[in-house]
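Single-structure report; data block below.
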Amino acid sequence: MTEGRKKALNLLKTSKGQIEGIIRMIENDRYCVDISKQILAVQALLKKANLNIIDQHIKHCVKEAILKGEGDEKIDEIINILDRYVK
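Reminder that position 70 of the sequence shown reads as 69 in numbering that gives the first Met the number 0, one-by-one numbering, no gaps.
In structure tokens:
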């Protein structure tokens with residue numbers, strides 16, 4: 000497992016714990032703004048995890064495909080992901 004994937008995995012595990020905490024907050028009828036802040040924090044962790052995965056993909060899979068002269072498909076994949084990311 001690459002370092003980027005390890006980082007993404009840790010971020011996802013942290014997100015999982017935070018989501019479980021958010022569920023408890025809702026079940027305990029906590030203040031809406033506090034719940035919303037926690038949801039935003041989880042979204043930030045998920046974005047960071049996704050960027051780590053994309054970074055690894057570019058540095059390894061895309062780079063390898065380009066060196067083999069087969070990079071067009073991988074570049075299109077990245078463009079599609081970025082298009083989703085900015086929406």
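Note that beta-carbon positions come from the ideal geometry of N, C-alpha and C, so glycine has one too.
Apply the 10 Å Cβ neighbour rule to residue i and answer buried if 16 or more other Cβ atoms are within range, or exposed otherwise.
{"i": "asparagine 51", "result": "buried"}
{"i": "leucine 39", "result": "exposed"}
{"i": "alanine 43", "result": "exposed"}
{"i": "leucine 107", "result": "Outside the displayed range of the chain (0 to 86) lies residue 107, so it cannot be described from this structure."}
Less than 8 Å between the CB atoms is what I'm expecting for residue i and residue j, so what's the real figure, rounded?
{"i": "isoleucine 21", "j": "valine 41", "result": "7 Å"}
{"i": "valine 61", "j": "isoleucine 74", "result": "7 Å"}
Would you tell me roughly how many angstroms separate the C-alpha atoms of residue i and residue j, rounded to the nearest one?
{"i": "aspartate 54", "j": "tyrosine 30", "result": "37 Å"}
{"i": "lysine 5", "j": "asparagine 27", "result": "33 Å"}
{"i": "glycine 68", "j": "serine 14", "result": "38 Å"}
{"i": "lysine 58", "j": "serine 35", "result": "35 Å"}
{"i": "methionine 24", "j": "aspartate 82", "result": "33 Å"}
{"i": "methionine 0", "j": "alanine 7", "result": "11 Å"}
Is DSSP giving residue i helix, strand or coil here?
{"i": "lysine 86", "result": "coil"}
{"i": "lysine 62", "result": "helix"}
(message) Please give the ranges of any alpha helix (DSSP H) in the segment 6-58, keeping only runs that are unbroken, at least 4 residues long and fully inside the region.
(response) 31-55
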